[in-house]
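In my numbering, the protein residues as written are 16 to 113. Where is the CB? At the ideal position from N, CA and C, for every residue including glycine. Values in this document were obtained by computation on a predicted structure and should not be read as measured data. Okay, structure first, notes after.
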């Protein structure tokens, strides 16, 4: 079963020179790759001697909703919730009092 773009909570963002050289099929494959392996934080695609940075981008309202959910979970009676970032940042510990 193929997952289409409407099922994604994020969009593919590409930054750099050489964007016009990346085909729609390659963009779809990169999006699918990021769907399949959430451990991949981003890709660097080399095109004609330049680099294109490819990553997931979430709308700011989704990030705000995620923060509200973390606060709500922390306030639900648990002692704390520790949020681990896959990019290697220090985990964030949220307690009911924060």
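Here DSSP, grouped into helix, strand and coil, assigns residue 66 to strand. Here residue 107 has 98 as same chain residues with Cβ atoms under 6 Å from its own Cβ, once five neighbours each way along the sequence are excluded. The region 59-69 and the region 84-104 do not touch, with fewer than three beta-carbon pairs separated by less than 8 Å. In the DSSP annotation of this structure, the continuous segment of the beta strand (DSSP E) that includes residue 96 starts and ends at 96-98. For residue 34, there is no enclosing alpha helix (DSSP H), since its DSSP letter is neither H nor E. Within the same chain, 70 and 72 come within 6 Å of residue 28 by CB-CB distance, once the 5 residues on both sides are set aside. Only residues of its own chain outside the window of five on either side were considered, and among them 56 have a CB closer than 8 Å to the CB of residue 102, listed in chain order.
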